[in-house]
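Visitor: First, the structure itself, so that you have it in front of you.
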Amino acid sequence: MKGPLFYSKILLFGEYGIIKDSKGLSIPYNFYNGALKTDKNPSETAIESNESLKHFVGYLEDIDSKLVTFDIALLKQHVNAGMYFDSSIPQGYGVGSSGALVAAIYDKYAQDKITVLENLTREKLLKLKAIFSAMESFFHGKSSGLDPLNSYLSIPILINSKDNIEATGIPSQKNEGKNAVFLLDSGIIGETAPMVRIFMENMKQEGFRRMIKNQFVKHTDACVDDFLKGDIKSLFKNTKSLSKVVLNHFKPMIPQQFHELWKKGIETNEYYLKLCGSGGGGYILGFTEDIDKAKQSLSSYKLEVVYNF
1 MKGPLFYSKI
11 LLFGEYGIIK
21 DSKGLSIPYN
31 FYNGALKTDK
41 NPSETAIESN
51 ESLKHFVGYL
61 EDIDSKLVTF
71 DIALLKQHVN
81 AGMYFDSSIP
91 QGYGVGSSGA
101 LVAAIYDKYA
111 QDKITVLENL
121 TREKLLKLKA
131 IFSAMESFFH
141 GKSSGLDPLN
151 SYLSIPILIN
161 SKDNIEATGI
171 PSQKNEGKNA
181 VFLLDSGIIG
191 ETAPMVRIFM
201 ENMKQEGFRR
211 MIKNQFVKHT
221 DACVDDFLKG
231 DIKSLFKNTK
241 SLSKVVLNHF
251 KPMIPQQFHE
261 LWKKGIETNE
271 YYLKLCGSGG
281 GGYILGFTED
291 IDKAKQSLSS
301 YKLEVVYNF
């Protein structure tokens with residue numbers, strides 16, 4: 001048995017901000033994917049994944065039935081027969097590994113599911129987001145539901161605010177474009193829950209809250225607008241400002257050995273770094289007006305180009 005593929009995602013803008021109602025923009029990233037699968041001779045990884053699914057099934061049995069119901073009997077039967085999630089999506093890297101799994105389970109076992117082929121009204125998108133939020137909370141403690149939503153629909157999603165999300169189009173890729181978004185591998189696995197805890201702790205301080213509202217959210221919203229409008233000049237100006245704010249106020253989320261590299265990008269304008277997901281490790285997201293220069297400057301790191309424009 002092998003189910004359909006679900007892709008990883010990248011939140012281009014909005015990490016942490018969307019908790020506090022900033023805009024956000026999330027795009028599918030087809031380089032990584034995962035599918036539900038059963039093998040006759042499962043590997044060690046498959047056995048581990050199957051064990052984790054058993055716990056997840058227990059959690060899904062107790063989920064609010066007014067929100068979503070599953071064919072639990074069939075799900076249990078498949079999990080007991082060794083079903084696992086076969087995924088190339090790196091865990092703890094901020095590209096939505098649990099999101100893809102949640103999307104796959106919903107797709108196969110949810111009853112009365114909202115399908116990708118329907119006319120996706122705002123109500124339907126919000127309902128899906130609420131379902132996915134409840135499902136993914138098993139993995140993170142608190143989930144916005146956006147990662148699974150992106151993975152399930154496989155289209156860019158614009159978050160205007162908590163209660164206002166829509167499918168959106170993004171400027172088309174230009175393969176020869178020098179402007180690029182890239183991923184930088186920190187080589188460290190990040191964990192979402194502790195990072196979110198630090199953020200929530202900081203939010204108790206008035207100064208931090210003010211900075212989030214007046215700087216972080218302001219620059220994030222501007223970046224989303226610039227990116228969708230294709231206003232490149234303004235986009236890089238705002239991305240630079242955002243990169244500075246993150247370096248000054250989100251230090252615990254940036255692995256220590258990347259502080260200098262982050263600063264160097266801001267000072268030379270060769271690239272601007274920002275968090276990819278909750279930070280603490282995994283991927284770091286980069287924006288550059290000259291990908292060749294950025295590659296040269298970051299030649300000792302593993303760099304993946306996500307988007308040329």
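Numbering-wise (full-length UniProt numbering), the sequence shown opens with residue 1 and increments by one. Every residue, glycine too, gets a C-beta built ideally from N, C-alpha and C. Since we're looking at a predicted model, the values are computed, not measured.
Tell me, please, whether the segment 163-170 touches the segment 40-50 by the rule of three or more beta-carbon pairs shorter than 8 Å.
Guide: No: fewer than three Cβ pairs fall under 8 Å.
Visitor: With the cut-off set at 7 Å, would you say Tyr272 and Thr220 are in Cβ contact?
Guide: no
Visitor: Return helix, strand or coil for Asn119, following the three-state DSSP convention.
Guide: The answer is coil: DSSP assigns Asn119 none of H, G, I, E or B.
Visitor: In angstroms, rounded to a whole number, what distance separates the CA positions of Leu56 and Val79?
Guide: Sequence inspection shows Phe at residue 56; the Leu mentioned does not correspond to that position. Phe56 and Val79: Cα-Cα distance of roughly 10 Å.
Visitor: So, helix, strand or coil for Glu176, using DSSP?
Guide: coil
Visitor: Using CA coordinates, which residue listed in Pro252, Lys218, Ala73, Tyr7 is at the minimum distance from Gln111?
Guide: Residue Ala73 is the option with its Cα nearest to Gln111.
Visitor: Spell out a yes or no on whether the segment 129-136 and the segment 84-91 are touching, meaning 3 or more CB-CB pairs, one atom from each, closer than 8 Å.
Guide: Contact between the segment 129-136 and the segment 84-91 is not established, with fewer than three Cβ pairs separated by less than 8 Å.
Visitor: What residue ranges within the UniProt domain "GHMP kinase N-terminal" (80-147) form continuous beta strand (DSSP E) runs of no fewer than 3 residues, ordered along the chain?
Guide: 84-87
Visitor: Am I right that Ile198 and Gly281 are in contact with their C-beta atoms under 8 Å? What's the rounded C-beta distance?
Guide: The Cβ separation is near 13 Å, so there is no contact.
Visitor: So, is Gly14 buried or exposed, given that buried needs 16 or more other C-beta atoms within 10 angstroms?
Guide: buried
Visitor: Using DSSP with H/G/I as helix, E/B as strand and the rest coil, what is Leu60?
Guide: helix
Visitor: Could you tell me the distance, in whole angstroms, from the CA atom of Val116 to the CA atom of Tyr7?
Guide: 14 Å
Visitor: Report yes if the CB atom of Val306 is closer than 7 Å to the CB atom of Leu183, and no otherwise.
Guide: yes
Visitor: Taking Tyr16 as the reference, which of Phe250, Glu260, Leu153 has the closest Cα?
Guide: The shortest C-alpha separation from Tyr16 is found at Phe250.
Visitor: Determine the direct distance from the alpha carbon of Glu267 to that of Glu260, and round the result to whole angstroms.
Guide: 10 Å
Visitor: Classify Ser299: buried if its beta carbon has 16 or more other beta carbons within 10 angstroms, exposed otherwise.
Guide: exposed
Visitor: Going by CA-CA distance only, name the one from Phe216, Gln205, Ser278, Asp290 that's closest to Val233.
Guide: In the sequence as displayed, the identity of residue 233 is Lys instead of Val. The shortest C-alpha separation from Lys233 is found at Asp290.
Visitor: Using beta-carbon positions only, say whether Pro28 and Ser144 come within less than 7 Å of one another.
Guide: Not a contact, by the Cβ cut-off of 7 Å.
Visitor: Roughly how many whole angstroms lie between the Cα atoms of Asn50 and Gly265?
Guide: 42 Å
Visitor: From Asp163, Tyr283, Leu303, Ile284, pick the residue whose C-alpha is nearest to that of Asp292; which is it?
Guide: Leu303
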